[in-house]
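*Asks:* From first to last, the protein sequence lines are chains A and B. The first sequence begins at 28 in the numbering used here and counts up one residue at a time. The second sequence begins at 28 in the numbering used here and counts up one residue at a time.
Protein chains: 2
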Amino acid sequence: MLSNRQLLILQVIIDEFIQTAQPIGSRAISKKNQVTFSPATIRNEMADLEDMGFLEKTHSSSGRVPSEKGYRFYVDHLLMPIDLSQRDEETISGVFNQGMVEFEQIIQNSVNVLSELTNYTSIILGPEVYATTLKQIQIIHLSKTTAVAILVTNTGHVEHRSFTLPKEINSLDLEKLVNILNDRLVGVPIIQLPQRLQVELTSILDHYIKDVATAFNYLKGALLDQQPSNLYVGGITNMLLQPEFSDVAKIHSLYSVIEQEEIMANILRSQNQGIHISIGQENKITEMQDCSLITATYTLKGQQLGTIALLGPKRMEYSRVISLLDRLSKDMTDTFHNW
Amino acid sequence: MLSNRQLLILQVIIDEFIQTAQPIGSRAISKKNQVTFSPATIRNEMADLEDMGFLEKTHSSSGRVPSEKGYRFYVDHLLMPIDLSQRDEETISGVFNQGMVEFEQIIQNSVNVLSELTNYTSIILGPEVYATTLKQIQIIHLSKTTAVAILVTNTGHVEHRSFTLPKEINSLDLEKLVNILNDRLVGVPIIQLPQRLQVELTSILDHYIKDVATAFNYLKGALLDQQPSNLYVGGITNMLLQPEFSDVAKIHSLYSVIEQEEIMANILRSQNQGIHISIGQENKITEMQDCSLITATYTLKGQQLGTIALLGPKRMEYSRVISLLDRLSKDMTDTFHNW
DNA sequence: GTTAGCACTCAACTCTTTCGAGTGCTAATA
DNA sequence: TATTAGCACTCGAAAGAGTTGAGTGCTAAC
Numbered sequence: 028m029l030s031n032r033q034l035l036i037l038q039v040i041i042d043e044f045i046q047t048a049q050p051i052g053s054r055a056i057s058k059k060n061q062v063t064f065s066p067a068t069i070r071n072e073m074a075d076l077e078d079m080g081f082l083e084k085t086h087s088s089s090g091r092v093p094s095e096k097g098y099r100f101y102v103d104h105l106l107m108p109i110d111l112s113q114r115d116e117e118t119i120s121g122v123f124n125q126g127m128v129e130f131e132q133i134i135q136n137s138v139n140v141l142s143e144l145t146n147y148t149s150i151i152l153g154p155e156v157y158a159t160t161l162k163q164i165q166i167i168h169l170s171k172t173t174a175v176a177i178l179v180t181n182t183g184h185v186e187h188r189s190f191t192l193p194k195e196i197n198s199l200d201l202e203k204l205v206n207i208l209n210d211r212l213v214g215v216p217i218i219q220l221p222q223r224l225q226v227e228l229t230s231i232l233d234h235y236i237k238d239v240a241t242a243f244n245y246l247k248g249a250l251l252d253q254q255p256s257n258l259y260v261g262g263i264t265n266m267l268l269q270p271e272f273s274d275v276a277k278i279h280s281l282y283s284v285i286e287q288e289e290i291m292a293n294i295l296r297s298q299n300q301g302i303h304i305s306i307g308q309e310n311k312i313t314e315m316q317d318c319s320l321i322t323a324t325y326t327l328k329g330q331q332l333g334t335i336a337l338l339g340p341k342r343m344e345y346s347r348v349i350s351l352l353d354r355l356s357k358d359m360t361d362t363f364h365n366w
Numbered sequence: 028m029l030s031n032r033q034l035l036i037l038q039v040i041i042d043e044f045i046q047t048a049q050p051i052g053s054r055a056i057s058k059k060n061q062v063t064f065s066p067a068t069i070r071n072e073m074a075d076l077e078d079m080g081f082l083e084k085t086h087s088s089s090g091r092v093p094s095e096k097g098y099r100f101y102v103d104h105l106l107m108p109i110d111l112s113q114r115d116e117e118t119i120s121g122v123f124n125q126g127m128v129e130f131e132q133i134i135q136n137s138v139n140v141l142s143e144l145t146n147y148t149s150i151i152l153g154p155e156v157y158a159t160t161l162k163q164i165q166i167i168h169l170s171k172t173t174a175v176a177i178l179v180t181n182t183g184h185v186e187h188r189s190f191t192l193p194k195e196i197n198s199l200d201l202e203k204l205v206n207i208l209n210d211r212l213v214g215v216p217i218i219q220l221p222q223r224l225q226v227e228l229t230s231i232l233d234h235y236i237k238d239v240a241t242a243f244n245y246l247k248g249a250l251l252d253q254q255p256s257n258l259y260v261g262g263i264t265n266m267l268l269q270p271e272f273s274d275v276a277k278i279h280s281l282y283s284v285i286e287q288e289e290i291m292a293n294i295l296r297s298q299n300q301g302i303h304i305s306i307g308q309e310n311k312i313t314e315m316q317d318c319s320l321i322t323a324t325y326t327l328k329g330q331q332l333g334t335i336a337l338l339g340p341k342r343m344e345y346s347r348v349i350s351l352l353d354r355l356s357k358d359m360t361d362t363f364h365n366w
């Protein structure tokens, strides 16, 4: 177990390193006024902390730098929750007090605000479809052989797909079909749409004219297309501001991972409820192993809707970031609740 | 005027520099087999070309590097149009042969393909609204006080806006209103919508019940909201691959310009029809003055619809890039023509 | 248990040297 | 007269040597 003195020293080192990104020496620590003992004592403690794996040296006569184990310990045991500054508080409230009704707007705003406040990269996974239900299907003809299918969900989200139609299908059949589908599918959770469509197909084949079934087959393709990945990213270029990413090659590999939205979406999707922190090697994606990822989920009736995340250097301002994410995810949960 | 020998030397230097990004010396030029004269002769010619402002030295005993005037001359007089390689040809055709009906898909694909083929950053300005017309307006209630307005254009583009409604308005009034609007506005170019809405408002106030007018006032806000900027960007991270952008600060300032979509959109919007090249200082935006921007427009019935652009170092592969843009803009023009 | 003292380490910086790819100029050549 | 060989010169880049200073670990004294 760590002594109180060791805890204090570890905390001072990590706090300081988060600010400066420079190795911390014994003399610098001894100057802190919470610290009453001499540099020599601190050096002894630091050597012990290093033996235990909480600290590292960049070279044999350098100051100490936190190891990943050190960050992990810091996050698990030393972190004091801090209250948000008034500015942070107001900025976040601002997002929710503009009377916006579309969740895209709210999320887009949140992403921007988060990355501005923190100087890290913020990533939000939009509400998963399984919590939203179908409000209405519309089909609008563009020409004889093309049409747009529009799905509206109860959250005000609009999805649309264009598709081609064979000439044999007349618009009356199509209209009939849309009416049938609306009758039967409104209120169905989006996630269940594919199965429900299968069921309806059989039923329609049994009860209605063949032409409608044909139209249905065409429409189905448009409706079943996989969902777009629903991922919002802000402040990617903030990474360039961090001294640990002055290496162009490093940044490039990180960017190419973020660009592949499916990868990020999967990571965020698989997060457990609440706030979760992955530090360095704890991240599965190699390119992210110089980073920390902090995620928070937002929910509707206890069910997980989506995820808010911040990606930054391991040397993150953990406590502030946690407060920010906590606050934002709660506000987001509230907003969806009041829908 | 430049002698043939000077033209040849200038061309060799620029071609070579585009490949290597290294200053070119007289000996290297003399080794090219189109070149029959000695390094000493070449040095004399290079000194003259430098006096005329087409070449520069990075330091007093270095090889030569093209100046911006040099690139401009190269682009205006030395560029030989080259045929696209089979691979380029096929990749571009691929975008248009997938039977996609939504222009968003086509443009998104084009942006990706362009940046992959060139390793530069590609930017496309989507079809301007003035060439598209309204196909249909739909209003869908989400709750008592919220609704989504959906606009569909003849190109299959779907715009939607959520808005809040006061309780006094019943859905019957709203439906009436939508019918009136559809009757009067279908076929109207999107760009004229704002004015036309004003006209209709007066007319509605004169002829219809007051409640409809109130509903209209609410809806108007949603419909008149400024258009989203319609800009598609691909391969931003490609800039990191160019040796001239190994400086993180430079990249960061360039990125922050690209991030401000309105700036880029305005640049692309103001381009003249056809292919246009801005080299270095010719760009108005300071942050882009280390870059070249090549733009090509696509049209519908002679009217400019949008712009395709590539942003890269001044040392661009001009001839290949021009062929690519030329081909893509033609294919895009054709696609919109066949709509 | 704590700390002063001291020898030691190493990155970062500066200064110097060396190397070589390049130049410009002059004088010889075709 | 236009071209070229030859040569002295320039300067960046790389490699090596010396200096500095912030840091360490260890020992012995308090």
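Backbone N, C-alpha and C define an ideal beta-carbon position, used for all residues, glycine too.
(1) Name the residue from 324/A, 313/A, 193/A and 269/A whose alpha carbon lies nearest to the alpha carbon of residue 295/A.
(2) With DSSP collapsed to three states, give me the class of residue 48/B.
(3) Using CA atoms only, rank isn't needed, just tell me which of 149/B, 78/B, 52/B and 273/B is closest to residue 29/B.
(4) Output, in chain order, the set of chain B residues within a Cβ distance shorter than 9 Å of residue 179/A.
(5) Can you say whether residue 174/A is buried or exposed, counting buried as having 16 or more other CB atoms within 10 angstroms of its CB?
(6) For the stretch 302 to 336 of chain B, which residues have a CB atom closer than 9 Å to at least one CB atom of chain A, in sequence order?
(7) Note down, in chain order, every chain A residue with its Cβ under 7 Å from the Cβ of residue 129/B.
(8) Of all the residues that make up the stretch 280 to 303 of chain A, which are near chain B by a beta-carbon distance shorter than 8 Å?
(9) Kindly indicate if chain B contains any beta-carbon less than 8 Å away from that of residue 194/A.
(10) Tell me whether residue 316/A sits in a helix, a strand or coil according to DSSP, three-state version.
(11) Between the stretch 271 to 286 of chain B and the stretch 315 to 332 of chain B, can you find at least three pairs of beta-carbon atoms closer than 8 Å?
(12) If you check the beta carbons only, do residue 338/B and residue 147/B fall under 8 Å apart?
(13) With a threshold of 8 Å between beta carbons, is residue 162/B in contact with chain A?
(14) According to DSSP, is residue 147/B helix, strand or coil?
(15) Step through the CB atoms of chain A and report whether any lies within less than 8 Å of the CB of residue 198/B.
(16) By alpha-carbon positions, which one of 361/B, 365/B, 355/B and 300/B ends up nearest to residue 135/B?
(17) With three or more C-beta pairs closer than 8 Å as the rule, is the stretch 339 to 350 of chain B touching the stretch 268 to 279 of chain B?
(18) Does residue 278/A get closer than 8 Å to chain B when you measure Cβ to Cβ?
(19) Can you round the beta-carbon distance between residue 169/B and residue 183/A to whole angstroms, since I take them to be within the 8 Å contact cut?
(20) Keeping to the same chain, check which residues put their C-beta closer than 7 Å to that of residue 106/A; ignore five residues upstream and five downstream.
(21) Which first and last residues belong to the beta strand (DSSP E) in which residue 305/A is found?
(22) Check this for me: beta carbons of residue 351/B and residue 115/B, under 8 Å apart or not?
(23) If you check the beta carbons only, do residue 101/A and residue 165/A fall under 8 Å apart?
(24) How would you label residue 226/B, buried or exposed, when you count the other beta carbons within 10 angstroms and need 16 or more for buried?
(25) With a threshold of 16 other CB atoms inside 10 Å of the CB of residue 265/A, please say whether the residue is buried or exposed.
(26) Using beta carbons (cut-off 8 Å, strictly below), is residue 145/B in contact with chain A?
(27) Going along the chain, which residues of its own chain have a beta-carbon closer than 7 Å to the beta-carbon of residue 87/B, five neighbours each way excluded?
(28) Taking C-alpha atoms, which residue in 288/B, 258/B, 31/B and 177/B lies nearest to residue 63/B?
(29) Check whether the Cβ atoms of residue 163/B and residue 167/A sit closer than 8 Å, and answer yes or no.
(30) Going along the chain, which residues of its own chain have a beta-carbon closer than 7 Å to the beta-carbon of residue 144/B, five neighbours each way excluded?
(31) Relative to the alpha-carbon of residue 219/B, which residue among 120/B, 160/B, 322/B and 36/B has its alpha-carbon at the smallest distance?
(32) Between residue 333/B and residue 154/B, is the Cβ-Cβ spacing less than 8 Å?
(33) Check whether the Cβ atoms of residue 45/B and residue 336/B lie closer than 8 Å to each other.
(34) Tell whether a beta-carbon distance below 8 Å holds between residue 262/A and residue 142/A.
(35) Run through the DSSP bridge pairs and tell me what residue 367/B is partnered with.
*Replies:* Quick answer:
(1) Taking the first residue of the first sequence as 1, we reach residue 295/A at position 268. That would be 324/A, whose Cα lies nearest to the Cα of residue 295/A.
(2) Here residue 48/B is taken as the residue at index 21 of the second sequence, counted from 1. Here residue 48/B sits in coil by DSSP.
(3) Indexing the second sequence from 1 puts residue 29/B at position 2. Taking only the C-alpha atoms, the option nearest residue 29/B is 78/B.
(4) Within the first sequence, numbered from 1, the residue matching residue 179/A stands at position 152. Near residue 179/A (Cβ distances below 9 Å), the residues of chain B are 165, 167, 169, 175, 177 and 187.
(5) In the first sequence, the residue the question calls residue 174/A occupies position 147. The residue in question, residue 174/A, is buried, as its Cβ has 16 or more Cβ neighbours within 10 Å.
(6) none
(7) In the second sequence, counting from the first residue as 1, residue 129/B sits at position 102. 189, listed in chain order.
(8) 282, 283 and 286
(9) Counting from one through the first sequence, the residue named residue 194/A turns up at place 167. It does not: the Cβ of residue 194/A has no partner Cβ on chain B nearer than 8 Å.
(10) Your numbering for residue 316/A matches position 289 in the first sequence. Coil.
(11) yes
(12) Within the second sequence, the letter at position 311 stands for residue 338/B. Within the second sequence, the letter at position 120 stands for residue 147/B. The answer is yes: Cβ separation under 8 Å.
(13) Stepping through the second sequence from its first residue, residue 162/B is reached at position 135. So, interface residue.
(14) Here residue 147/B is taken as the residue at index 120 of the second sequence, counted from 1. Coil, per DSSP.
(15) Working through the second sequence from its first residue, we reach residue 198/B at position 171. Chain A contact via Cβ: absent.
(16) Within the second sequence, residue 135/B is the residue found at index 108, counting from 1. Ranking the options by Cα distance to residue 135/B, first place goes to 355/B.
(17) yes
(18) In the first sequence, residue 278/A corresponds to position 251, counting from 1. Yes, because at least one Cβ of chain B sits closer than 8 Å to the Cβ of residue 278/A.
(19) Start at 1 with the first residue of the second sequence, and residue 169/B comes out as number 142. Start at 1 with the first residue of the first sequence, and residue 183/A comes out as number 156. The pair is a contact, with the Cβ atoms about 5 Å apart (cut-off 8 Å).
(20) Reading the first sequence from its first residue, position 79 is the one you call residue 106/A. 345 and 346, listed in sequence order.
(21) The residue you call residue 305/A lines up with position 278 of the first sequence. Here the beta strand (DSSP E) through residue 305/A covers 303 to 306.
(22) By one-based count along the second sequence, residue 351/B stands at place 324. By one-based count along the second sequence, residue 115/B stands at place 88. Yes, Cβ-Cβ distance for residue 351/B and residue 115/B is below 8 Å.
(23) The residue given as residue 101/A occupies position 74 in the first sequence. The residue given as residue 165/A occupies position 138 in the first sequence. Contact: no.
(24) On the second sequence, residue 226/B is found 199 positions in, with the first residue counted as 1. When all chains shown are included, residue 226/B counts as exposed.
(25) Here residue 265/A refers to the residue found at position 238 when the first sequence is read from its first residue. Buried, since its Cβ has 16 or more Cβ neighbours within 10 Å.
(26) As a first step, residue 145/B must be located in the second sequence, where it is residue number 118. For residue 145/B, the answer is no, since every Cβ of chain A falls outside 8 Å of its Cβ.
(27) In the second sequence, counting from the first residue as 1, residue 87/B sits at position 60. Excluding sequence neighbours, residue 87/B sits near nothing in its chain.
(28) Position 36 of the second sequence, counted from the first residue, corresponds to residue 63/B. Of the listed residues, the one whose Cα sits closest to residue 63/B is 31/B.
(29) The sequence position of residue 163/B within the second sequence is 136, counting from 1. The sequence position of residue 167/A within the first sequence is 140, counting from 1. Yes. Within cutoff.
(30) Translated into positions along the second sequence, residue 144/B becomes position 117. Hits under 7 Å: 115, 118 and 351.
(31) Here the question's residue 219/B lines up with position 192 in the second sequence. The shortest Cα separation from residue 219/B among 120/B, 160/B, 322/B and 36/B belongs to 160/B.
(32) As a first step, residue 333/B is located in the second sequence; it is residue number 306 there, counting from the start. As a first step, residue 154/B is located in the second sequence; it is residue number 127 there, counting from the start. Yes, Cβ-Cβ distance for residue 333/B and residue 154/B is below 8 Å.
(33) Locating residue 45/B in the second sequence gives position 18, counting from the first residue. Locating residue 336/B in the second sequence gives position 309, counting from the first residue. Cβ distance not < 8 Å, so residue 45/B and residue 336/B don't count as in contact.
(34) Within the first sequence, numbered from 1, the residue matching residue 262/A stands at position 235. Within the first sequence, numbered from 1, the residue matching residue 142/A stands at position 115. Yes, these two residues count as a Cβ contact at 8 Å.
(35) The requested residue 367/B does not occur in the structure, where chain B is confined to residues 28 to 366.
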